[in-house]
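> Counting in my numbering, the sequence shown runs from 18 upward without gaps. Ideal placement from N, C-alpha and C gives every residue a C-beta, glycine not left out. Just so you know, these numbers come straight off a predicted model, no measurement behind them.
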Amino acid sequence: MSPAPAAGAGPARPGRLSSVLRRGRRKISEILSRTRIDLVYSRRYQLHLSGAAYDPLRGERILGFLDSAGLLGEVHTPEPASFRLLRRVHDDAYLESLNQPGALLKIVGWEIPDDQADRFLEAQRAMVAGTVLAAHLALESEGIAANLGGGFHHAFAGRGERFCALNDLAVAVADLRWHGSEEKILVIDLDLHDGDGTRALFADDPTVHTLSIHNRTNREARPDAVEATLVELSGHAGDVGSIGDGAYLEAVRAHVPAALERFRPDLVFYLAGCDPAADDEIGDWEISAAGLLARDQFVAACVREPAGSGGRVLPLVVLLAGGYGPNAWRYGARFLSALLNRGVALEPPTTEEALVMRYRSLARGYGERELTGEPPATSDVDDWGLTEEDVGAALGGPRRPRRLLGYYSRQGLELALERTGFLDRLRAKGFERPTIDLELDNPAGDTVRIFASPARRERLIELRLRIDRRVAPGLALLRLEWLLLQNPRAQFTEERPRLPGQEHPGLGMLQEAVALLILACDRLQLDGLVFVPAHFHTAIQGRRELRFLEPADEARFRALERILEGVALPAASRALAEGRIVDARTGEPFAWQPAPMVLPVSEALRQRLQGSEYERQVAEAAGRYDLVMKT
18 MSPAPAAGAG
28 PARPGRLSSV
38 LRRGRRKISE
48 ILSRTRIDLV
58 YSRRYQLHLS
68 GAAYDPLRGE
78 RILGFLDSAG
88 LLGEVHTPEP
98 ASFRLLRRVH
108 DDAYLESLNQ
118 PGALLKIVGW
128 EIPDDQADRF
138 LEAQRAMVAG
148 TVLAAHLALE
158 SEGIAANLGG
168 GFHHAFAGRG
178 ERFCALNDLA
188 VAVADLRWHG
198 SEEKILVIDL
208 DLHDGDGTRA
218 LFADDPTVHT
228 LSIHNRTNRE
238 ARPDAVEATL
248 VELSGHAGDV
258 GSIGDGAYLE
268 AVRAHVPAAL
278 ERFRPDLVFY
288 LAGCDPAADD
298 EIGDWEISAA
308 GLLARDQFVA
318 ACVREPAGSG
328 GRVLPLVVLL
338 AGGYGPNAWR
348 YGARFLSALL
358 NRGVALEPPT
368 TEEALVMRYR
378 SLARGYGERE
388 LTGEPPATSD
398 VDDWGLTEED
408 VGAALGGPRR
418 PRRLLGYYSR
428 QGLELALERT
438 GFLDRLRAKG
448 FERPTIDLEL
458 DNPAGDTVRI
468 FASPARRERL
478 IELRLRIDRR
488 VAPGLALLRL
498 EWLLLQNPRA
508 QFTEERPRLP
518 GQEHPGLGML
528 QEAVALLILA
538 CDRLQLDGLV
548 FVPAHFHTAI
558 QGRRELRFLE
568 PADEARFRAL
578 ERILEGVALP
588 AASRALAEGR
598 IVDARTGEPF
608 AWQPAPMVLP
618 VSEALRQRLQ
628 GSEYERQVAE
638 AAGRYDLVMK
648 T
């Protein structure tokens, strides 16, 4: 066991980070261009728990990004690990206890419903099997295999901790041993947290060395392991001595090559946790995106470069490990794009853009007739090809609309919601039997409602849509007249208080709903999405991608954004409702004025909202507003 170096071990030399990046790119380009890389993922990995900081779609977003970049090949899908496999690592009594009510309280930190407990265990069993599969693939190909999940290093033989119920890495090693493998294995654990469960499981095994560079060491978890290197770097975000790129990369560059040289492994597991990132919702370090990419590329180059691994090119298993918040996926996406793109990392899009890319990728597999319900062009059925509308017209009755927006049949809409995983997300939130209703004869627009069950007592989603060709002359827009996303089983809290117009807390699926509407614009060849927000909080939630159609309205909203910068959304909404936002020139309270906001899909509309003329008009109108907030 190596001694833990002092916090902030040595300042970074000028230009050190850039030189590390250049060297990493050069080595990866030379070495990995001839490397086979296997990706492992299953939709069973998705787990939606309210209150959890992790992103259940982390792996999905990575795959969507790689696919859009033309880098995605075959993806291997594992089946959940059997209990026979899990017993090679975990105690029988512990595995049996996981089926008891409340068993996950100590692991998750709060009580979760039984159905979600089952999903939690299913997701972790699937990721365990993914790590097992990745280990075999890496050894067989002598290349790289990446499991887009896993890294549960806080799971011990007889207990789980901190969201880790099953130790996937230990199960993978046990399975390799069961199949006769005798390889020496190095675990490079660069998750922010101490890999205590993994170290404890291999504490007496001289064939497995664990290297963990982390923020705090768990002194109770076998620090006396026969093969372990513990590197503790203390320092918290915001502190003078907080861990940044310099100290972190110095530690990585010192300890990773040393472990490879001394231990001389035959296989390497790399836990590429991104929770050291400055924007991580749980982490307390301040590592930049460039710093984490430099770390990942340095580790890969050391393992895959003969000079760095004792003259051999070693098989490498990559696990995502920790990473919390909506942007966690982007770190793994950069790293994997570099592995798949001859060492050149591609910059991922925003999380919102990635969701649309993923849905578009899935939509490419839809046939038009699947969505519209149209029969084949030729048919040997004996109904003369008559439709319900034809029969109604022949009998003198009105033609009843059958398709949403004149295109989607009810079955086609349900198919799209299933294939994108939208309905699965509702099920994961505890709504096991979501039921879709359509109202297609309202002149104000077509209405979609989704209820929690066939009883239709709990309304989750309601939206009213129509095609608008007037609000922006020369363009056709999908107009969202009304949107309701609510969770009738949730409660308002101090952290999530009731906002104007809310009967229940939000459903947390606005991004997914907007992404589906963008797909509808694609399918119907519409220029974009338009809606008129009735409240400030509605407008601000879609602000990243939307602009007001008229420059004067955009200027007015930007003035409001400036005065409310840094103010929490509930407090901002209250300030507006209470008339505490005032015009400094007149002293009159600022009143919210609904106006059309647009999300562009076509290039024509994008140019209109992002061009220099639009910005000139916004700047010209900005002088009309001088807002202040009264305390």
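The beta strand (DSSP E) with residue 55 in it runs from where to where?
From DSSP, the beta strand (DSSP E) with residue 55 extends over 54-57.
> According to DSSP, is residue 538 part of a helix, a strand, or is it coil?
Note: residue 538 maps to helix in three-state DSSP.
> Can you list, in chain order, the stretches of the beta strand (DSSP E) that have 3 or more residues and sit fully within the segment 506-556?
If we require 3 residues or more, the beta strand (DSSP E) runs fully inside the segment 506-556 come out as 545-548.
> Report yes if the CB atom of residue 618 is closer than 8 Å to the CB atom of residue 501, and no otherwise.
It is not a contact, given that the beta carbons lie outside the stated cut-off.
> Using a Cβ-Cβ cutoff of less than 7 Å, which residues in the same chain neighbour residue 356 once the five nearest sequence positions on both sides are dropped?
Result list for residue 356: 49, 54, 161 and 317, in chain order.
> Going by the C-beta, is residue 131 closer than 7 Å to any heavy atom of the ligand ZN?
What this structure holds is no ligand at all, so the ligand ZN is not there to describe.
> Would the beta-carbon of residue 351 fall within 8 Å of that of residue 366?
Not closer than 8 Å, so no.
> Near residue 469, which residues of its chain fall below 7 Å by C-beta distance, leaving aside the five closest residues on each side in sequence?
Cβ neighbours of residue 469 beyond the five flanking positions: 448, 451, 475 and 477.
> Measuring CA to CA, which of 593, 81, 636 and 569 is closest to residue 580?
Taking only the C-alpha atoms, the option nearest residue 580 is 593.
> In the structure shown, what three-state DSSP assignment does residue 725 receive?
No answer is possible for residue 725: the residues shown for the chain start at 18 and end at 648.
> Taking buried to mean at least 16 other C-beta atoms within 10 Å of its own C-beta, is residue 215 buried or exposed?
Classification of residue 215: buried, given that the 10 Å Cβ count is 16 or more.
> Measuring only the C-alpha atoms, how far is residue 358 from residue 88?
Taking the straight line from one Cα to the other gives about 7 Å.
> Using CA coordinates, which residue listed in 510, 535, 564 and 541 is at the minimum distance from residue 549?
Nearest option by C-alpha distance: 564.
> Helix or strand or just coil, what does DSSP make of residue 195?
Note: residue 195 maps to helix in three-state DSSP.
> Considering only the alpha carbon of each residue, which of 133, 140, 128 and 135 lies closest to residue 98?
Of the candidates 133, 140, 128 and 135, the one whose C-alpha sits nearest the C-alpha of residue 98 is 140.
> Is the beta carbon of residue 457 sitting closer than 8 Å to the one on residue 421?
Closer than 8 Å, so yes.
> At which residue ranges does the segment 94-174 contain complete beta strand (DSSP E) runs of 3 or more residues, listed in the order of the chain?
With a minimum length of 3 residues, the continuous beta strand (DSSP E) runs that stay inside the segment 94-174 are 161-164.
> Compute the beta-carbon to beta-carbon distance between residue 445 and residue 63, rounded to the nearest angstrom, for a pair I have assumed lies under 8 Å.
Between residue 63 and residue 445 the Cβ distance is about 7 Å, and since that is below 8 Å, they are a contact.
> For residue 443 and residue 73, what's the separation of their Cα atoms in angstroms?
Whole-angstrom Cα-Cα distance: 13 Å.
> Pop quiz: residue 287 and residue 536 are said to be a contact at Cβ under 8 Å. What is the actual Cβ separation, rounded to whole angstroms?
About 36 Å; that fails the 8 Å criterion.
> What did DSSP end up calling residue 624 once you bin it into helix, strand or coil?
If DSSP states are grouped into helix, strand and coil, residue 624 belongs with the helices.
> Among 261, 332, 628 and 635, whose alpha-carbon lies nearest the alpha-carbon of residue 307?
The shortest Cα separation from residue 307 among 261, 332, 628 and 635 belongs to 261.
> In chain order, what residues of the same chain have a beta carbon less than 6 Å from the beta carbon of residue 604, not counting five sequence neighbours either side?
Hits under 6 Å: none found.
> In the DSSP assignment, find the beta strand (DSSP E) that holds residue 346 and state where it starts and stops.
It is not in any beta strand (DSSP E) - residue 346 instead sits in the alpha helix (DSSP H) that spans 345-357.
> Whether or not the segment 340-347 and the segment 214-230 are in contact is what I'm after, with contact meaning three or more pairs of Cβ atoms, one per stretch, closer than 8 Å; do they touch?
No, the segment 214-230 is not in contact with the segment 340-347.
> Going by the beta-carbon positions, is the gap between residue 290 and residue 342 smaller than 8 Å?
Their beta carbons are not under 8 Å apart, which means residue 290 does not touch residue 342 by this criterion.
> Flag residue 632 as yes if its beta-carbon sits less than 8 Å from any beta-carbon of chain D, otherwise no.
The chain inventory of the structure shown lacks chain D, comprising one protein chain alone.
> What residues in its chain sit with their C-beta under 6 Å from that of residue 164, if we drop five residues either side in the sequence?
Cβ neighbours of residue 164 beyond the five flanking positions: 57, 147, 148, 151 and 336.
> Going by DSSP, what residue range makes up the beta strand (DSSP E) through residue 292?
Residue 292 -> no beta strand (DSSP E), and no H or E assigned at all.
> If residue 609 and residue 552 are in contact, beta carbons under 8 Å, what's the gap, nearest whole angstrom?
Confirmed, about 7 Å.
> Leaving out five residues on either side along the sequence, give the residues of the same chain with a beta carbon under 7 Å from the beta carbon of residue 645.
Counting only Cβ-Cβ distances below 7 Å, and skipping sequence neighbours, we find 580, 599 and 601.
> Classify residue 180 as buried or exposed, calling it buried when 16 or more other Cβ atoms lie within 10 Å of its own Cβ.
Answer is buried; the Cβ neighbour count reaches 16.
> Closest to residue 314 by CA distance: which of 266, 301, 296 and 278 is it?
Selected option, being the one with the closest Cα: 266.
> Could you pull out every residue in the same chain whose Cβ sits closer than 8 Å to the Cβ of residue 137, ignoring the five residues on either side in sequence?
Here the set comprises 64, 66, 121, 125, 129 and 182.
> How big is the Cα-Cα spacing for residue 515 and residue 311?
When rounded, the distance between both Cα atoms is 43 Å.
> Beta strand (DSSP E) containing residue 455: first to last residue?
Unbroken beta strand (DSSP E) run through residue 455: 452-456.
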